[in-house]
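Participant: Residue numbers (this note's numbering), protein chains in the order written: chain A, 49 to 162; chain B, 111 to 220. We treat Cβ as the ideally placed atom computed from N, Cα and C, and that holds for glycine.
(1) Pair every Cβ in the segment 145-161 of chain B with every Cβ in the segment 143-160 of chain A, then say whether three or more of these pairs are closer than 8 Å.
(2) Does the CB of residue 217/B have a neighbour CB from chain A at under 8 Å?
(3) Can you tell me the Cα-Cα spacing of residue 138/B and residue 179/B, whole angstroms?
(4) Starting from the beta carbon of residue 153/A, find every residue of chain B whose beta carbon is closer than 9 Å, and list them in chain order.
(5) On a Cα-Cα basis, can you pick out the residue from 129/B, 190/B, 219/B that is closest to residue 170/B?
(6) I want to know whether the segment 112-120 of chain B touches the segment 95-112 of chain A - three or more CB-CB distances under 8 Å.
(7) Anything in chain B within Cβ reach of residue 90/A, meaning under 7 Å, just list it in chain order.
(8) Going by C-alpha distance, which of 187/B, 209/B, 201/B is nearest residue 122/B?
(9) Which partner residues does residue 135/A have in the DSSP bridge list?
(10) Strictly by DSSP, which residues pair up with residue 189/B?
(11) Three-state secondary structure (DSSP) at residue 89/A?
(12) Count the other CB atoms within 10 Å of the CB of residue 60/A; is the residue buried (16 or more) or exposed (fewer)?
(13) Can you tell me whether residue 147/B is buried or exposed, with buried defined as 16 or more other CB within 10 angstroms of its CB?
(14) Evaluate residue 85/A with the Cβ neighbour count: other Cβ atoms within 10 Å of its Cβ, from every protein chain shown; 16 or more gives buried, anything less gives exposed.
(15) At 9 Å on the CB atoms, spell out the chain B contacts of residue 138/A, in chain order.
(16) Using the C-alpha atoms, what's the distance from residue 77/A back to residue 119/A?
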C-alpha cells in the first residue's frame, strides 16, 4: 500500500462550524505533513509531525489545529475559519523527517468556507 | 534552502522529448534537486531527485550541470497525460522543508 488517503475530498463549512480533515497512511512512515494550496499557487507547508510529535508549525493561525493520534493518522481540526481559508489541503508522508527521498502526497481535501 | 527559477510555461508535442530547465545558482553542496509535478486538482507527484550525478528512472531523466547551478528534467516521450505543473525544488535533503516555487506549466499537445 503506497497511498496517502485523505477524507473528505470536498468540504463546505460556515465560519462558525467545527470540522476535521483526516489523513491516513499505512506505509510505516514516521513523518507526516499538512500543506495548503490556494488556487493557481504552489503548495505551502503548514505543519510537520515527526514520530507523532509536532516538529514544525509554519506560523499557522490557531484556528487550524493539527493532531497526530498515531503513526498512521493525521488530523487537521478546523474552527472559526475565514473565507480566505478556502483552499486545497494536502497531506503527505515520508519514511522519516530526515528522509532524502520522496514525499508521498494524498489527493487533497478541497475546503470551501462560506 | 536555495531558490529556483523556472519558465512559467512550456509547450511540447506529444511523442517528443520535453526538456524542462531549472536554475538554482545559489545551491549549496549538500542540497539536492527534486522534481515534482502536479496534474490539475491532484496531489503533487514525486518524479526524481539527485545530488551531483545525472539520474534516470522510469518516468524521467535528471541532468545536473557540473557546477550544479542548473538542471534539466527530461520526459523522453511526452504524452497528453504529462500535462501538468512541474516544480523544481532545492532542499538540504530533509523532506520536511520542501518549499515549492511557482513551477513550469507544461502543455503537451497533439
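Facilitator: Checking against the coordinates, here is how it stands:
(1) yes
(2) no
(3) One alpha carbon belongs to residue 138/B, the other to residue 179/B, and they sit about 9 Å apart.
(4) 146, 148, 152, 153, 154, 155, 156
(5) That would be 129/B, whose Cα lies nearest to the Cα of residue 170/B.
(6) no
(7) Within chain B, the residues near residue 90/A are 197, 210, 211, 212, 213.
(8) 187/B
(9) 159/A
(10) For residue 189/B, which the question treats as bridged, DSSP gives no partner whatsoever.
(11) coil
(12) With fewer than 16 other beta carbons inside 10 angstroms of its own, residue 60/A counts as exposed.
(13) buried
(14) buried
(15) 153, 154
(16) 7 Å
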